[in-house]
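A short worksheet on the structure shown next.
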Amino acid sequence: MMILQKLLHLKYVTLIGSFCGGRMVCSRGGFPQLQNLEFDGLEEWEEWIVEEGSMPLLHSLWIDSCPKLKELPDGLRFI
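Position one of the sequence shown corresponds to residue 24 (our numbering), numbered consecutively onward.
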C-alpha cells in the first residue's frame, strides 16, 4: 500500500488476492482522495494499521474472505 497511497488522485482501490504480506499500513496523508476501498481473498493478511490523517474521504469499505485479519484498525475511527 505504500506505493498506492502516494497516488494523489486515486479514488477506488480493489485488492483481490493480490496482497501476500501479513501487515498493511496506511500512513498519515496517504490516499487523500480515496472514496472506496475493497479487499477480497487476502489469505495471509493479519494486521492493518490506519494512521490518523489517512484516507480522509473514504466512505465505502468492503472486506471479504480475509480469514487471518484479526481486527479492524483503531485508526478507522478518524475517518
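Glycine included, every Cβ here is placed at the ideal spot set by N, Cα and C.
Keep in mind the model is a prediction, meaning the values are calculated, not measured.
Residue burial annotation: Trp85 is exposed, with fewer than 16 other C-beta atoms found within 10 angstroms of its C-beta. DSSP, read as helix, strand or coil, puts Arg51 in coil. Under the three-state reduction of DSSP output, Leu38 falls in the strand class. DSSP lists Phe62 as the bridge partner or partners of Ile86. The C-alpha of Met47 lies about 12 Å from the C-alpha of Leu95. Glu70 has its alpha-carbon roughly 17 Å from the corresponding atom of Gln28. Relative to Ser83, the option among Gln58, Asp63, Leu99 whose CA is nearest is Gln58.
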